[in-house]
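In what follows, a single structure is set out as structure tokens and then discussed.
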Amino acid sequence: MRSRYFLFTVCLAVSLPIAGLRAQTQPGIPRPPVHITLDEAVALALAHNHALAAARTTIQQSQAQEITANLRPNPVLIADAQFLPIFNPNRWTADYTDQDAQFDLGASYLFERGKKRQHRLQAAKDQTAVTLSQVADNERMLSFQTATAFVSALLAEDDLALARKDLQSFQSTVDISDARFKAGDLSEGDFLKIKLQLLQFQTDVSQAELGRVQALVGLRELLGYESVPADYDVAGTLDYLPVRTTQDEALAMAKEHRPDLRAAIQGVAAANSQHDLAIAYGKRDPTLEVVYTHTAGMGSVSTFFNMEIPIFTRNQGEIARTKFAVTQAEELRRAAEETVYGDVAGAYEGVKSNDQIVRLYRSGYLDESKLSLDITGFAYQHGAASLLDFLDAERSYRATQLAYRQALASYMLAVEQLREATGNRGMP
Numbered sequence: 029m030r031s032r033y034f035l036f037t038v039c040l041a042v043s044l045p046i047a048g049l050r051a052q053t054q055p056g057i058p059r060p061p062v063h064i065t066l067d068e069a070v071a072l073a074l075a076h077n078h079a080l081a082a083a084r085t086t087i088q089q090s091q092a093q094e095i096t097a098n099l100r101p102n103p104v105l106i107a108d109a110q111f112l113p114i115f116n117p118n119r120w121t122a123d124y125t126d127q128d129a130q131f132d133l134g135a136s137y138l139f140e141r142g143k144k145r146q147h148r149l150q151a152a153k154d155q156t157a158v159t160l161s162q163v164a165d166n167e168r169m170l171s172f173q174t175a176t177a178f179v180s181a182l183l184a185e186d187d188l189a190l191a192r193k194d195l196q197s198f199q200s201t202v203d204i205s206d207a208r209f210k211a212g213d214l215s216e217g218d219f220l221k222i223k224l225q226l227l228q229f230q231t232d233v234s235q236a237e238l239g240r241v242q243a244l245v246g247l248r249e250l251l252g253y254e255s256v257p258a259d260y261d262v263a264g265t266l267d268y269l270p271v272r273t274t275q276d277e278a279l280a281m282a283k284e285h286r287p288d289l290r291a292a293i294q295g296v297a298a299a300n301s302q303h304d305l306a307i308a309y310g311k312r313d314p315t316l317e318v319v320y321t322h323t324a325g326m327g328s329v330s331t332f333f334n335m336e337i338p339i340f341t342r343n344q345g346e347i348a349r350t351k352f353a354v355t356q357a358e359e360l361r362r363a364a365e366e367t368v369y370g371d372v373a374g375a376y377e378g379v380k381s382n383d384q385i386v387r388l389y390r391s392g393y394l395d396e397s398k399l400s401l402d403i404t405g406f407a408y409q410h411g412a413a414s415l416l417d418f419l420d421a422e423r424s425y426r427a428t429q430l431a432y433r434q435a436l437a438s439y440m441l442a443v444e445q446l447r448e449a450t451g452n453r454g455m456p
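Following this line, the structure appears as structure tokens:
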């Protein structure tokens, strides 16, 4: 009895989660909305973005070329039969075959000189290293694009929340003005002006809703449409987090982490490998052939040796070309270093500039714009301020709030730009 009770309990415990999972996946039962953070968005993009997935296949292609580069030449089988009486079949006898016909069977092999196979393999491995760094650079750029789209979605969410809040607040003003108009304390012209102003707030909400939808669609395109449901949303807020990294530290990070700079450095090694391979191909390869011959009732073995005489062609053109390619790779490495310096310097200045703007808003302008609106609104409701003063304070408050949110978004984008410039998303 105890064993049966235990078995029943285990089966019930297993069946309940399965039943719950089936209930969640049944059609007609709404799924809870998915909220993703910035780090989750970047991870989803790196895992599901199709353009990046296509770029990653170049790594496997390059590794397959390493296999090809390491292959040795195939031996050649040689076989022939001579003096066969095809047109005189009556002469085809065992004695004729043994005494008059000739049969040859042999093999030949090309011996590569100058360590061609080793140089081919090294050149292929160097190219694979460059490809790995180039794909890593694609990941760096995709991470930045995803972060940019994510911050844009956060800004759209914040703008929509502010527009709805302003609409709700101004609706209260319209209701109070309606009561004052009915009580004879407000002229019909002023009341109509306030009601018409409500249209602007309603339009702002509609435009903010459209902006939010467009921002989420743009982000979903980077994440991969199949990675998130259509009703997903972003989790997080526009926030100000000061950057503690100095410009010299950021430059040191870039030298260590930037995959495009690493690819440029590896490109020099790959160019040198190609030059060494071109020199190796200037060496002529001998072919050794061994043939067994049966004729006139006797068997014999012959050996043959042949090799090009390198009088005219010694791969001179390819050697010269690859030498200039090495110079080109070195110049590209220097150009990549200068690009890294410029990216870090520009991104760091962008962070500093946007940091100053955010600090200005946080130093008191936000509180002052809110206080000005509250004072003017209170005075207007009690007849101590004109309608023009109230509407002007309302516009000033909305403009300040929108500009502050845009400044926060610009600051966050500048931080993401600095992270891209350093190649390190973990930069503090």
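Using the numbering used here, you'd call the opening residue of the sequence shown number 29 and step up by one each time. Note that beta-carbon positions come from the ideal geometry of N, C-alpha and C, so glycine has one too. In this text, all values refer to a predicted model and were calculated from it rather than measured experimentally.
_C-alpha gap between residue 299 and residue 135, whole angstroms_ = Distance from the CA of residue 299 to the CA of residue 135, rounded to the nearest whole angstrom, comes to 37 angstroms.
*Counting only the same chain and skipping the five closest in sequence on each side, list residues whose C-beta sits under 7 angstroms from that of residue 287.*
When the five nearest sequence neighbours on each side are left out, the beta carbons in the same chain lying within less than 7 angstroms of the beta carbon of residue 287 are those of 161, 164, 165, 168 and 451, in order along the chain.
*Cα-Cα separation, residue 329 to residue 319*: Their backbone Cα atoms lie some 6 angstroms apart in a straight line.
*Three or more C-beta pairs below 8 angstroms linking the stretch 361-372 and the stretch 390-402*: Too few Cβ pairs lie closer than 8 angstroms, so no.
*Count the other CB atoms, across all protein chains shown, that sit within 10 Å of the CB of residue 245; report buried if there are 16 or more and exposed otherwise.*
So residue 245 ends up on the exposed side.
*For the alpha helix (DSSP H) containing residue 411, list its first residue and its last residue.*
From DSSP, residue 411 is part of no alpha helix (DSSP H); its letter is neither H nor E.
_Rounded distance between the beta-carbons of residue 266 and residue 447, thought under 8 angstroms_ = No, residue 447 and residue 266 are not in contact; Cβ-Cβ is about 17 angstroms, not under 8 angstroms.
*Leaving out the 5 sequence neighbours to the left and right, which residues in its chain are closer than 6 angstroms to residue 104 when beta-carbon positions are compared?*
The residues are 136.
*Starting from residue 220, trace the alpha helix (DSSP H) both ways and give me its first and last residue.*
Run containing residue 220: 216-251, per the alpha helix (DSSP H) assignment.
*What does a CB cutoff of less than 8 angstroms around residue 202 pick up in its chain, not counting 5 residues either side in sequence?*
The residues are 222, 223 and 226.
*residue 138 and residue 101 look like a contact to me (Cβ under 8 angstroms); what is the Cβ gap, rounded to whole Å?*
Contact flag correct, Cβ pair sits at about 4 angstroms.
*If residue 442 and residue 373 are in contact, beta carbons under 8 angstroms, what's the gap, nearest whole angstrom?*
The Cβ separation is near 13 angstroms, so there is no contact.
*Which first and last residues belong to the beta strand (DSSP E) in which residue 317 is found?*
Element bounds for residue 317: 315-323.
*Quick one: give me the first and last residue of the beta strand (DSSP E) that residue 335 is part of.*
Going by DSSP, residue 335 is part of no beta strand (DSSP E) at all; its letter is neither H nor E.
_Quick check on the DSSP output: the beta strand (DSSP E) that includes residue 134 runs from which residue to which?_
Residues 130-138.
_For residue 69, tell me which candidate among 250, 333, 416 and 212 has the shortest Cα-Cα distance._
For the residues 250, 333, 416 and 212, the minimum Cα distance to residue 69 belongs to 250.
*For residue 273, count neighbouring C-beta atoms within 10 Å of its own C-beta (all shown protein chains included) and say buried if the count is 16 or more, exposed if not.*
Buried, since its Cβ has 16 or more Cβ neighbours within 10 Å.
*Looking only at its own chain, which residues have a Cβ that is under 7 angstroms from the Cβ of residue 343, when we skip the five neighbours before and after it?*
The residues 306, 309 and 310, in chain order, have a CB closer than 7 angstroms to that of residue 343 in the same chain once the five nearest residues on each side in sequence are set aside.
*Who pairs with residue 87 in a beta bridge, going by DSSP?*
DSSP, once it has assigned bridges, lists no residue as partnering residue 87.
*Where residue 234 and residue 254 are concerned, what is the direct C-alpha to C-alpha distance, given to the nearest angstrom?*
A straight line joining the alpha-carbon of residue 234 with that of residue 254 spans about 28 angstroms.
*Does the count of Cβ pairs from the stretch 276-292 and the stretch 112-120 closer than 8 angstroms reach three?*
Output reads no: the stretch 112-120 does not touch the stretch 276-292.
*The alpha helix (DSSP H) with residue 293 in it runs from where to where?*
In the DSSP annotation of this structure, the continuous segment of the alpha helix (DSSP H) that includes residue 293 starts and ends at 287-309.
*asked:* If I follow the unbroken alpha helix (DSSP H) through residue 372, where does it start and stop?
replied: Unbroken alpha helix (DSSP H) run through residue 372: 344-388.
*Measuring CB to CB, does residue 423 end up less than 8 angstroms from residue 171?*
Not closer than 8 angstroms, so no.
_residue 184 and residue 239 - do their beta-carbons sit closer together than 8 angstroms?_
Yes, these two residues count as a Cβ contact at 8 angstroms.
*asked:* I need the DSSP call for residue 112, collapsed to helix, strand or coil.
replied: Note: residue 112 maps to coil in three-state DSSP.
_Looking only at its chain, what residues have a beta carbon closer than 6 angstroms to the beta carbon of residue 140, apart from the 5 residues adjacent to it on each side?_
Taking C-beta separations shorter than 6 angstroms and ignoring five residues to either side along the sequence, the partners of residue 140 in its chain run 313, following chain order.
*Just grab the DSSP bridge partners of residue 64 for me.*
Residue 64 pairs with 262.
*Determine the contact status of residue 444 and residue 179, defining contact as a CB-CB distance below 8 angstroms.*
It is a contact, given that the beta carbons lie within the stated cut-off.
*Please confirm whether any heavy atom of the ligand GDP lies closer than 7 angstroms to the CB of residue 239.*
Annotation note on the ligand GDP: not contained in the displayed structure, which lists no ligands.
*Quick one: what does DSSP say residue 454 is sitting in, helix, strand or coil?*
Three-state result, residue 454: coil.
*In the structure shown, what three-state DSSP assignment does residue 70 receive?*
Three-state result, residue 70: helix.
*asked:* Can you check which of these residues, 321, 97, 84 and 316, is closest to residue 335 by C-alpha distance?
replied: Comparing Cα positions, the closest option is 316.
*What is the DSSP secondary structure of residue 255, counted as helix, strand or coil?*
In the three-state reduction of the DSSP assignment, residue 255 falls in the coil class, being assigned neither a helical nor a strand state.
*Helix, strand or coil at residue 269 [DSSP, three-state]*: In the structure shown, residue 269 sits in coil (DSSP, three-state: anything other than H, G, I, E or B).
*Residues near residue 386 in its chain [Cβ-Cβ closer than 7 angstroms; skip 5 each side]*: For residue 386, the CB contacts under 7 angstroms within the same chain, skipping 5 residues up- and downstream, are 268, 435, 436 and 439 in chain order.
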